[in-house]
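Let me begin by presenting the structure, written as structure tokens, before commenting on it.
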Amino acid sequence: MTPHDIADIQTLSSQEQRVLNRISGQTDRFRDSHARAFTILDGFEGTRPTIDVERALYFTQSFRQTEGQPLVLRWAKALHHIAENITVSIDDNQLLAGRIGKPGRYGILYPELDGDFLGQAVREMPHRIGAPFGISEQDARIVEAEIAPYWKGRTYHEALNMALPPDIHKFTYDAPEGLVSRFIVNETSSFRSSIQWVHDYEKVLKRGFGDIQREAQARLDALDPLSPRDEVEKKPFLEAVVLVSGAIILWAHRHAALARKLARNESDPRRRQELDDIAGICERVPEHPARTFHEAVQSQWFTQMFSRLEQKTGTIISNGRMDQYFYPYYRADIDAGGITDERVLELIECMWVGMAQFVDLYISPTGGAFNEGYAHWEAVTIGGQTREGRDATNELTYLFLKSKQEFPLHYPDLAARIHSRSPERFLREVAETIKEGSGFPKLINDEEVVPLYVSKGASFGEAYDYAVSGCAEARMPNRDTYTSGGAYINFAAALEMALFDGRMLKFGERRLGAATGDPRSFRSWEEMWNAYLTQQLLFCKTAFTQQYIVCGLRARHFAQPMGSALHDLCMEHCLDLHTPQIPGGINLGYFECIGFGTVVDSLAAIRKLVFEEQRVSMAELIEALRTDFAGQAPLRLLLRSAPCYGNNDPYADEIAREIDRAFLEYSRKYSRELGIHNDIRYVPFTSHVPFGKVVSATPNGRHAFTPLADGSSASHGADVNGPTAILLSNYATKNYGYRERAARLLNIKLTPKCVEGEAGTRKLANFIRTFCDLKLWHVQFNVVNRDTLLAAQREPDKYRNLIVRIAGYSAYFVDLSPDLQNDLIARTAHGSL
Amino acid sequence: MTALARRKDGSPTGIVFNVQRYSLHDGEGIRTLVFLKGCTLRCRWCGNPESQRRKPEIARNVRRCLGIETCSYCTGVCTEGALRLPAAGAPAIDRNNCTACGACAAKCPALALHLYGTRRSASEVLDEVETDWPFYVRSGGGMTLSGGEPLAQEEFALALLREAKRRHIDAAVETCGLVPWETLAAAAELSGAIYFDIKAIDADRHIAWTGGNNRAILSNLERLADAFPRLAVTVRTPVIPGFNDDEAEIGAILSFLARLPSVSFELLPYHRLGSEKYRFLDRRDEMSDQALPTERFDALAAFAAERRRLTGRSSLNVHIAEKSSEIPAAPALLAEPGVAAGYIGALGGC
């Protein structure tokens, strides 16, 4: 046994205890109080998802019929065709109607996006490491015969691939067809139609699609009959809104009819009553305003499911501020005595298990590598502030936390908004939930987000009302108007190019980057720094050029009539949300920097050991990197002993801040050419693993082709001063004087021991208060023993329900590739004794 | 006692062998532990052998050494002839000639050689401690002096406490109690909490196992409780097999404490996490084969709780502590890949 075992193994997180109990055959202690959700979960937990082709098939059928028409109208017609034909189902035991794929876990296809991968994908997906999907032979044939051929030459991905100039293309894709990423400056817009999105669900609950449809019809009737602009622009948009509103109502009514039919054939009187109730609710919502909590939940559920049919939203549509927009229905039902907290939990957990069965399917290998473990970010936002800037927590907030503590599921992603006046009860219960150990909730800081969004043009009310979306972003559902996925920059690759005069060992003698000279001829740190900066700026230019093209291209490929119908500005101007510029909108885009810690630590090692102390010669260093430190173990260790990011060490942190500043300056200068905010973000998903696979050994002692540091977290094992130093390093390396900054993802791994008991909860809550004081954007925790992860690697069958935090989402540990599992194990665990 | 070196700015200096941030079990809130070198006792079970001597010492971790056949960074570094380089494997240290100048440790890339103890000024130490102030204000944390016996470096320890006070940082002290009363009183004046070790009441056994007479220790505790009735004083007793792991000895301690109503009490479980550090210092760990069954500890804890209850003291005062202030004396030296500082510890105050 290692000392670690001795010191820590006796303290287990609740999740670890639950897993061990399950291994020893004990029943979950919360099973009885969450019986319905557990029963449904039993039916699909640990199973391989399958691909369902219906959405793609009906979408394609409709598109064949509508060529040449306005895109938004074509989209609405396609959705109507889907609503009429797609299989509708109501699962056993479920209180909510509706799923959009086969029983169990399923994924659906969006051929308009990246259909050129379809042929390859249906054959490879079942065998993919990391996140495999199954597909029946019959469905594979449908894809090959009825779906893929139509999209040949019509997909967004193909158009983008052709539109990229050669100098940009060489950093983006490996070969002319653009099927394989280069993992240097990666585009992500081709594996999502829309960047993550949050709908204004409150609008659906309060008005219903019937009212939205009436509004569109009335405005259609009122168009100027002589106006060419009304004819060309407004008319198709409004017709699309009428059509799509009708489509979702029709779809809901088909569920009502099914529920009636099932009820007639049901022998169990209790279930028959439930089915009759479902039928009544589906006849009512989402067409009309919701009247009860149950109706509100069903209405929201239909809306988010239909949104998934509408387009691929990266990565899954978010749920918005659920504790706010459901609250009036909760309050009214509780006051009227019509519902109990147990029933409320049962209903929302019916939604959780419904969400958990929809798995976002990335058919391109790059999309898969970026989003391992069936990534998903359907964030439910809780806490935060009201539009007036008052604390917004309520009884529902606490019920969502309770659900996470008692019902072990990694859906939905849960995001807690923290602010300077968050009640102590909220922080303590957040801390208790974090201690459970499956990574929930992630924390987003109002004190950073709100003023930043105001500086970017939002009103205070809008900024206070933001909803967490995706990995770590914040959205204002009626003000945000930007939908394009942004570029991911591998800036460890920029470092490698600075060390090899524009070349990377992985790609041979071809010079990809700028010719910045042989570093062996550099006489000063400044020369080294400038060489690095030159490569970094070239990458920035590449990323922004990609985005320039993406912004112009996307409106010709995508429309989202339902999402637009729920957006104030789109309705006002009769413009689809994919339109590049919508009057009054704020375009919050971002680009992503991957490998921050790796690059900072490497530059710190070069500066200190090569230029300042001259303990290592540049020639020696270059040779060691070229050979991946073969026979150079002492040198490698020496490099690792240099100052590292994440230790609150001013030496490393100053370099980090300068790197960040260079990005910000670039963004400040060139974002305006794109007409958007293209801000810098440090959020990796799981891309630090594939990005690491193209970068050879780095001067921080990292071995060739191993993962890069993730997000704004420290390099693996480099953070030896504990979590307070990690937060302070993050603070020290931010440039608060620039508004061009955006999310920074921060992972902290704690041992269960150091948050044990009441004192542990209190100290974790205090730690979160300081996180809030420091105006950091995001933090999330894994509370797990290293030995548990190692045991899960050895015996995956026993640990198939072990949930871990990845990068803004949680996933089953056993669903991850071995690379990512090792990456997670290698993240420093902070104990405290 | 050697004259206290001072920095040019007048700031007193002392020998510190570690500063450990994010410590959660040694006082209120999130704290930073400052470990001062030197101790007035020589407990057989000491979990911090590197803390005992005042002077700096070189630690040598053979497991981390790459071997002289692979790595030659330490060749020719030692000017005292104290680093013996073999043909293969790890170098040996001639402890008689080693002056602990740290030159070899500074060169070692593997951190196999590490210097325990560097001379630092009070303001330098507080500069480092103060970096975590955003966490102290939210958690009620601060600085905790540990050791060794931190008050053995009397002037330096008090300078640290004064500097903390000047910067409005809460301070706590862990002490073995064997220090002049005036020193303890001065420290208490500057501290928000004192953690005070009582190992045994039996005087002969105390001398035999710790090398120190407990009369002054017990007297100091009584005077402390008397002179500072509002100060948070916590008595800690490490349960050591063969020494005090019986109801008689723990009962004697509790009887003694019954007269001191303001004092709370903690039992610390026995462990051997510091065992490896004896090897780092080429010393023998006399207790290496000793173990304390969990049931024994639990029984003593239950016994203590019951006794405290019967003597009219709130049972809440009996706190079964975590391993207190256990921190790696040299994090990098000991940490395994992927495991940060925090698994092999120095035992503060016992």
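Top to bottom, those sequences are chains U and Y. Here my numbering is used: the first residue of the first sequence is 2, the next is one more, and so on. Here my numbering is used: the first residue of the second sequence is 10, the next is one more, and so on. Heads up, the beta-carbon is just placed ideally off N, CA and C, and yes, glycines get one too. Only a predicted model underlies this, so the values are computations on that prediction, with no experimental measurement involved.
Kindly indicate if chain Y contains any beta-carbon less than 9 angstroms away from that of residue i.
i	result
L180(U)	no
Q822(U)	no
L775(U)	yes
N649(U)	yes
T789(U)	no
L729(U)	yes
G761(U)	yes
H831(U)	yes
N748(U)	no
N767(U)	yes
Output, in chain order, the set of chain Y residues within a Cβ distance shorter than 7 angstroms of residue i.
i	result
S15(U)	Going along chain Y, no residue has its Cβ under 7 angstroms from S15(U), so there is no contact; the nearest lies around 19 angstroms.
R770(U)	R147
Which residues does DSSP pair with residue i in a beta bridge?
i	result
H123(Y)	A68(Y)
G108(U)	I52(U)
R245(Y)	D206(Y), E275(Y)
T734(U)	None; T734(U) has no bridge partner.
S268(U)	For S268(U), which the question treats as bridged, DSSP gives no partner whatsoever.
D392(U)	Q386(U)
In terms of residues, what are the limits of the beta strand (DSSP E) holding residue i?
i	result
Y204(Y)	202-206
V381(U)	381-384
F782(U)	779-784
C594(U)	589-595
V1(U)	Nothing can be reported for residue 1(U): it is not among the residues displayed for chain U, which extend from 2 to 834.
G23(Y)	22-32
G151(Y)	151-155
T41(Y)	40-45
K750(U)	748-751
V805(U)	804-806
Y800(U)	It is not in any beta strand (DSSP E) - Y800(U) carries neither H nor E in the DSSP assignment.
Which first and last residues belong to the alpha helix (DSSP H) in which residue i is found?
i	result
N162(U)	157-164
N229(Y)	224-236
N446(U)	Run containing N446(U): none in the alpha helix (DSSP H); it sits in the beta strand (DSSP E), 443-446.
K764(U)	758-774
Are the C-beta atoms of residue i and some chain U residue less than 9 angstroms apart?
i	result
A313(Y)	no
A181(Y)	no
T243(Y)	no
S81(Y)	yes
Q29(Y)	yes
D141(Y)	yes
A338(Y)	With a pLDDT of 34 at A338(Y), under the threshold of 50, the modelled position of this residue cannot be trusted; read the value that follows with caution. Not closer than 9 angstroms to any Cβ of chain U, the Cβ of A338(Y) fails to qualify, so no.
F26(Y)	no
V327(Y)	The predicted model places V327(Y) with a pLDDT of 44, which falls under 50 and marks its position as unreliable, so this point remains unresolved.
F252(Y)	no
E331(Y)	Model confidence at E331(Y) stands at a pLDDT of 43, short of 50, so the residue's coordinates are unreliable; what they give is reported in the following sentence. By this cut-off, E331(Y) is an interface position.
R144(Y)	Sequence inspection shows Phe at residue 144(Y); the Arg mentioned does not correspond to that position. At least one chain U Cβ lies under 9 angstroms of F144(Y).
List, in chain order, every chain Y residue whose beta-carbon is nearer than 8 angstroms to that of residue i.
i	result
K1(U)	Residue 1(U) lies beyond the stretch modelled for chain U, which goes from 2 to 834, so this question has no answer here.
Find the residues of chain Y that neighbour residue i, judging by a C-beta separation of less than 9 angstroms, and give them in chain order.
i	result
A370(U)	Correct list: empty, because the minimum Cβ distance to chain Y is about 23 angstroms.
Who are the neighbours of residue i on chain U, taking C-beta pairs under 7 angstroms?
i	result
R232(Y)	None at all; the shortest Cβ gap to chain U is about 30 angstroms.
L75(Y)	A634, P635
Give the interface partners of residue i over in chain U, defined as CB-CB distance under 8 angstroms, in chain order.
i	result
L120(Y)	L638, S642
Taking only runs of the beta strand (DSSP E) that begin and end inside the region 466-546 of chain U, which ones reach a length of at least 3 residues, in chain order? 468-470, 474-476, 489-491
Return the chain-ordered ranges of every beta strand (DSSP E) run that is complete within the region 157-184 of chain Y and spans a minimum of 3 residues. Listed in chain order, the complete beta strand (DSSP E) runs (minimum 3 residues) inside the region 157-184 of chain Y are 179-184.
At 3 residues or longer, what runs of the beta strand (DSSP E) sit wholly inside the region 54-85 of chain U? none
Quick check on the DSSP output: what are the complete beta strand (DSSP E) runs of length 3 or more inside the region 415-455 of chain U, in order along the chain? 415-419, 443-446
Quick check for students: name the residue ranges of the alpha helix (DSSP H) that lie wholly in the region 199-258 of chain U, counting only runs of 4 or more. 202-222
Sequence ranges, alpha helix (DSSP H) only - wholly within the region 645-700 of chain U, length at least 4: 651-675, 689-693
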